[in-house]
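J.: Take any residue in the sequence shown, count from 1 to its spot, add 9: that is its number in our numbering.
Ideal Cβ positions, reconstructed from N, Cα and C, are used throughout, including at glycine.
The structure follows.
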Amino acid sequence: MKAYLAWDNAAYENYETIVFAENAKEAKKIAFTCEVCENADYIQVRVKRLPEADKLYKGRVEIDWWDEETRLALVKELGWACLETSSECDTCSAKEYCGNWEDIEE
Ligand SMILES: [Zn+2]
10 MKAYLAWDNA AYENYETIVF AENAKEAKKI AFTCEVCENA DYIQVRVKRL
60 PEADKLYKGR VEIDWWDEET RLALVKELGW ACLETSSECD TCSAKEYCGN
110 WEDIEE
């Protein structure tokens, strides 16, 4: 399975997910069913290969942000952060690698 970054090109927020598929066409179909693209027109759904995330495949078609090991890899290696920081960030396993978290402490 190959990892693809997926997003709604028409969405205002810079909100992305990662899906796993055999090819870009399949990835786009999967992305269309994800929360990130729930309000998207199919033609606005974009996918892009993300080889660095191939190893994060755990049998689900979409990445699981709530899986601690996965989240740690996303934040540490791919520079992800949650869209809005909240009190939940206090207990986040990846906070020491999170750019947003540092902003709070200053
Ligand atoms: Zn956070």
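Which residue comes first and which comes last in the beta strand (DSSP E) that contains E105?
T.: That residue, E105, is in no beta strand (DSSP E); it is neither H nor E in DSSP.
J.: Can you tell me the Cα-Cα spacing of W89 and C107, whole angstroms?
T.: Near 7 Å, if we compare the C-alpha coordinates of C107 and W89.
J.: With a 10 Å radius around its C-beta and 16 neighbouring C-beta atoms as the bar for buried, classify I52 as buried or exposed.
T.: exposed
J.: Starting from the Cα of E105, find the closest Cα among S96, A33, A15, V84 and give me that residue.
T.: V84
J.: Does the beta-carbon of K38, which I'm using as the reference point, lie nearer than 8 Å to any heavy atom of ligand 1?
T.: Incorrect: K38 has no Cβ contact closer than 8 Å to ligand 1.
J.: Of the residues A40, R55, Y13, which one's Cα is nearest the Cα of A19?
T.: R55
J.: For A33 versus I72, is the C-beta spacing smaller than 9 Å?
T.: In this structure, I72 does not lie closer than 9 Å to A33 by Cβ.
J.: Please work out which residues of its chain come closer than 8 Å, Cβ to Cβ, to L5, disregarding the five sequence neighbours upstream and downstream, and give them in chain order.
T.: Past the edges of the chain, shown from 10 to 115, lies residue 5, and the structure says nothing about it.
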